[in-house]
């Protein structure tokens, strides 16, 4: 008795006396999932043939895998809550895992993020704040039913959004200017600040009536006096 087939001898052997089919080395379904053997049996001058098909059953022995080990994304701080901002995708070469791949966060920066276990959709559970933290590091884990897992490092860069109104250094300014002040003379610098950046504004003087009038406008340097102010003291009597 003997078996004929392509490359069967590397993985399988057939005892010519007993007809026992044995495995020579561990089988790997991911490499080959089926063997087809033609078995020939001789008895004197008689010959018989049969075909033997061997199906390799899958065992969950492979870990899930991501296409890469790390990813960096950029998200505006105004991104809405519970709306996907990234989708993690892992694959498993095993065809029959005991349960589908599920996704969990192994490292969650300040509990700001959440992930859908079935789909791998990452979302915001709390709002981002660029002024508080500009970068967050996450660890996404993909697990199969056997407890085998793969890790993905995710870096989230927070984009600044103009969501903070400017704030004056003071609520009220009092400036005295002599009536003979020269043109283009600096009067006062006014600071307007934001938590994320600081801007310097200059105060310009304009003549709108016989009284002093000040207006703050954006500028690159100090305030300038556009016209000489005529401030006359009223005469009594």
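In the UniProt record's numbering, the protein residues as written are 1 to 237.
All C-beta atoms in this analysis are idealised placements derived from N, C-alpha and C, irrespective of residue type, glycine included.
Exercise for the section: Check whether the Cβ atoms of residue 105 and residue 139 lie closer than 8 angstroms to each other. Expected result: With respect to the 8 angstroms criterion, residue 105 and residue 139 are classified as neighbours on the basis of their beta carbons.
Exercise for the section: Excluding the 5 residues preceding and the 5 following residue 72 in the sequence, name in chain order all residues of the same chain whose CB lies nearer than 6 angstroms to its CB. Expected result: Hits under 6 angstroms: 155.
Practice task
Use the C-beta contact count for residue 102: other C-beta atoms within 10 angstroms, 16 or more gives buried, fewer gives exposed.
Solution key: Looking at its Cβ environment, which holds 16 or more other Cβ atoms inside 10 Å, residue 102 is buried.
Practice task
Could you have a look at residue 151 and say whether DSSP puts it in helix, strand or coil?
Solution key: In the structure shown, residue 151 falls within a strand segment according to DSSP collapsed to helix, strand and coil.
Exercise for the section: Enumerate in chain order the residues of its own chain whose CB-to-CB distance from residue 83 is below 8 angstroms, with the five nearest sequence positions on each side excluded. Expected result: Counting only Cβ-Cβ distances below 8 angstroms, and skipping sequence neighbours, we find 123 and 124.
Practice task
Look at the Cβ atom of residue 150, then the Cβ atom of residue 66, and state whether they are nearer than 8 angstroms.
Solution key: Taking 8 angstroms as the Cβ cut-off, residue 150 and residue 66 qualify as a contacting pair.
Exercise for the section: Would you kindly work out how many angstroms separate the C-alpha atoms of residue 199 and residue 189, rounded to a whole number? Expected result: Any reading at residue 199 is ruled out, since the residue's pLDDT is 40, under 50, leaving its predicted position unreliable.
Problem - residue 99, enclosing beta strand (DSSP E) - first and last residue - result: In this chain, residue 99 is not harboured by any beta strand (DSSP E), its DSSP state being neither H nor E.
Exercise for the section: Could you work out which residue in 81, 115 and 109 is closest to residue 87 when comparing CA atoms only? Expected result: Checked all of 81, 115 and 109; the closest Cα to residue 87 is 115.
Practice task
Please name the residue in 187, 32, 192 and 136 whose C-alpha comes closest to that of residue 58.
Solution key: Residue 58 has its Cα closest to that of 32, out of 187, 32, 192 and 136.
Handout entry: residue 64 versus 40, 22 and 147, residue with shortest Cα-Cα distance
Key = Nearest option by C-alpha distance: 147.
Exercise for the section: Can you have a look at residue 137 and say buried or exposed, based on whether 16 or more other CB atoms are within 10 angstroms of its CB? Expected result: Taking all protein chains shown into account, residue 137 has fewer than 16 neighbouring C-beta atoms within 10 Å of its C-beta and is therefore exposed.
Handout entry: Nearest residue (CA-CA) to residue 30, options 60, 109 and 135
Key = Minimum Cα-Cα distance from residue 30 among the listed residues 60, 109 and 135 corresponds to 60.
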